[in-house]
Amino acid sequence: MTASSPLVVAALLPAAVFLGLAAALWLGRRPSEDLVNRLVVGSAAATALAAALTGLGVLSGGPVTARLGTWFEGFPLVLLGDGVSVPLAVLAALLCTLVGAFSRRYLHRDPGYARFHLLLALFLAGVELVVLAGTLDLLVVGWELTGLSSALLIAFFHRRRGPVAHGLRAFVTYRVCDVGVLGAALVVHHDGPPLAAGLLLVFGSLGKAAQFPLGGWLPRAMEGPTPSSAIFYGAISVSLGPYLLLRTAPEWADVAAVPVVITVVGAVTAVYASLVGRAQTDIKSSLAFASMTQVGLVFVEIGLGWHVLALVHLLCHATMRSAQILRSPSLLHDHHHLEQSLGGPVPRTGRHLERLVPAPLRRRLYRFALERGHVDAVLVERVVGGLVRAVRRIGDADERLAVDPAVTR
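Sequential numbering of the sequence shown, starting at 1, is according to the working numbering.
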């Protein structure tokens with residue numbers, strides 16, 4: 001076995017499991033819940049082990065690479081395991097193992113049991129490809145797989161209108177921001193200006209990282225099953241935006257404007273999400289805005305050049321947030337148990353900070369937080385609505401020209 005063999009296994013095993021399970025379901029086979037769960041959980045655990053072995057190789061001999069071949073002359077299929085990619089690859093596989101084990105009983109007898117595990121396998125395949133890709137082109141493939149599986153899991157309960165609408169909202173946000181990632185790949189291939197590549201990468205990272213002003217999809221993503229919320233929107237999925245910036249830092253680190261933009265975006269997101277999160281009345285929305293806040297702080301750390309701190313912060317946040325979301329259905333039980341242990345009500349925290357704000361401004365901030373700053377309304381009515389109206393006017397003008405050619409004379 002070569003040093004790169006575990007790297008190849010970690011990158012490709014989840015994809016092989018997804019294809020096998022998808023083929024079985026497409027052919028009309030109905031494997032038992034136990035078989036499906038064991039297959040997905042076992043493959044995730046094996047992926048974690050392979051990624052850990054890759055990490056040992058990195059510690060002993062430096063970065064590990066594996067060349068899978070060449071699709072086109074300028075499109076080599078290369079995998080890379082180093083100090084940035086391996087920790088996230090191990091964590092993603094471990095969390096998918098945990099979520100798969102948790103889902104065994106949580107989704108027992110659910111009509112979409114096999115579909116959930118199929119999408120979980122697709123998600124892990126996409127994430128491992130993103131973090132272990134040695135080129136930006138291969139990263140884009142995993143990036144798209146991750147976005148597709150995320151949107152489909154938000155709309156998991158497809159018989160209800162809400163989850164489908166929220167899944168579509170997330171998918172549209174992803175697709176808009178994916179233009180930045182694809183554009184950056186083109187700029188890098190053609191040796192374009194680093195400023196353009198850096199700004200495109202920042203824009204591309206905003207969608208999955210749920211950063212201001214494009215983070216409105218994240219609280220809505222909680223419509224999906226709790227296990228998928230834990231692994232996707234509380235932990236790994238939102239971590240891919242910062243990871244993209246860490247992975248591509250050599251492309252933009254020497255351009256002064258890009259770190260400034262990253263820092264400003266992260267700081268604005270952290271302040272906005274912290275304010276809005278304090279006004280939420282349900283645990284999942286509170287955790288969603290808490291995730292936005294922490295990822296915003298990671299953006300600030302990346303912009304300031306503290307890349308090691310950003311990576312450690314990212315890994316710790318993903319671990320803690322997954323545990324919190326998985327535990328969220330038992331919130332009331334935990335709260336009552338805590339009250340019994342304390343012998344009285346649980347004290348409210350943060351009041352000393354609120355008293356520092358003048359009372360009139362406090363009321364305005366509360367209203368701002370309650371209405372989420374009207375950010376979603378502005379995006380939908382002004383930006384998206386304006387584009388839709390412009391396209392309709394162009395379409396109407398085109399129809400008039402087609403019906404009456406004399407108009408052009």
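Beta carbons: idealized from backbone N, C-alpha and C, even for Gly.
Source: prediction; values computed, not measured.
query: Who are the near neighbours of residue 39 in its chain, counting only those whose CB is closer than 7 Å to its CB and skipping five residues on each side?; result: 17 and 21
query: Go through its chain and collect everything with a Cβ distance to residue 182's Cβ below 7 Å, but skip five positions before and after it.; result: 140
query: Counting pairs of beta carbons, one from the stretch 147–156 and one from the stretch 215–233, are three or more of them closer than 8 Å?; result: yes
query: CA-CA distance, residue 59 and residue 45?; result: 21 Å
query: Measuring straight from C-alpha to C-alpha, what distance separates residue 193 and residue 208?; result: 25 Å
query: Would residue 144 pass as a contact of residue 14 if the rule is Cβ separation under 8 Å?; result: no
query: Opposite residue 65 in the DSSP bridges: which residues?; result: 80
query: Can you tell me whether DSSP reads residue 75 as helix, strand or coil?; result: strand
query: Go ahead and pull the three-state DSSP assignment for residue 70.; result: strand
query: For residue 321, I'd like the list of residues in its chain whose CB is within less than 8 Å of its CB, leaving aside the five on either flank, ordered along the chain.; result: 230, 234, 235, 287, 290, 291 and 294
query: In this structure, what does DSSP give as the bridge partners for residue 133?; result: 79
query: According to the Cβ coordinates, are residue 6 and residue 48 closer than 8 Å?; result: no
query: How many whole angstroms separate the CB atoms of residue 136 and residue 196, which I take to be in contact at a CB cut-off of 8 Å?; result: The Cβ separation is near 14 Å, so there is no contact.
query: Drop a sphere of 10 angstroms on the beta-carbon of residue 125, count the other beta-carbons inside from all chains shown, and report buried for 16 or more, exposed for fewer.; result: buried
query: Rounding to the nearest angstrom, what Cα-Cα distance links residue 285 and residue 340 in this structure?; result: 26 Å
query: At 3 residues or longer, what runs of the beta strand (DSSP E) sit wholly inside the stretch 228–297?; result: none
query: So is residue 359 buried or exposed if we call it buried at 16+ other beta carbons inside 10 Å?; result: exposed
query: Restricting to Cα atoms, I'd like to know which of 123, 109 and 57 is closest to residue 19.; result: 123
query: Between the C-alpha atoms of residue 242 and residue 222, what's the straight-line distance to the nearest angstrom?; result: 21 Å
query: Closest to residue 263 by C-alpha separation, out of 297, 180 and 272, would be which residue?; result: 297
query: Considering only residues of the stretch 81–148, which uninterrupted beta strand (DSSP E) runs meet the minimum length of 3 residues and lie entirely inside it, listed in chain order?; result: none
query: Between the beta-carbon of residue 414 and the beta-carbon of residue 113, is there less than 8 Å?; result: Past the boundaries of the shown model lies residue 414; the chain is included only from 1 to 409, so the question cannot be answered.
query: Using three-state DSSP, classify residue 346 as helix, strand or coil.; result: coil
query: For residue 85, which of 66, 55 and 69 has the nearest alpha-carbon?; result: 55
query: Can residue 66 and residue 4 be called in contact, C-beta distance under 8 Å?; result: yes
query: Residue 329 to residue 117, Cα distance in whole Å?; result: 21 Å
query: Hey, how far is the Cα of residue 57 from the Cα of residue 83?; result: 11 Å
query: Could you have a look at residue 212 and say whether DSSP puts it in helix, strand or coil?; result: coil
query: Could you check whether the stretch 373–386 touches the stretch 253–271, counting it as contact only if at least three pairs of C-beta atoms, one from each stretch, sit closer than 8 Å?; result: no
query: Give me the Cβ distance between residue 410 and residue 99, rounded to the nearest whole Å; I'm assuming they're in contact under 8 Å.; result: Residue 410 falls outside the range modelled here, since the chain spans only 1 to 409, and no answer is possible.
query: Which residues bound the alpha helix (DSSP H) around residue 162?; result: 161–189
query: Might you give, ordered along the chain, the residues of its own chain that have their beta carbon closer than 7 Å to the beta carbon of residue 69, omitting 5 neighbours on each side?; result: 77
query: Among the candidates 97, 23, 168 and 190, whose CA atom is the shortest distance from the CA of residue 37?; result: 97
query: In the DSSP assignment, find the alpha helix (DSSP H) that holds residue 313 and state where it starts and stops.; result: 307–327
query: I need the straight-line Cα distance from residue 379 to residue 301, nearest angstrom please.; result: 27 Å
query: How long is the line joining the alpha carbons of residue 218 and residue 318, rounded to whole angstroms?; result: 15 Å
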